[in-house]
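Have a look at the structure below before the remarks.
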């Protein structure tokens, strides 16, 4: 939970709307970014993905980021 919250705050400070949440498994936290999209290839999704990767490069250089550049981020489609 702590790591997810730190990442969400870092991303928000960089201008990306992000939130940490847990679903049914309260031990597993995810960070989600907005705006969302139902089409992984549209302009909005592409822009968010680019922002995540750019912010991830900065995150990797922080103590809390521990080298994670967010290149493993993935899009979940919810309808």
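Residue numbers (my numbering): 3 to 81. Each residue gets a CB set at the ideal place from its N, CA and C atoms; glycine is no exception.
- Between the alpha carbons of residue 54 and residue 75 lies a distance of about 8 Å.
- Three or more beta-carbon pairs separated by less than 8 Å link the region 6-22 to the region 54-66, which places the two stretches in contact.
- Only buried fits residue 58, as 16 or more other CB atoms lie within 10 angstroms of its CB.
- Closest in C-alpha terms to residue 44, from the list 5, 77, 3, comes 77.
- Cβ atoms of residue 42 and residue 50 stay farther apart than 8 Å, at about 10 Å.
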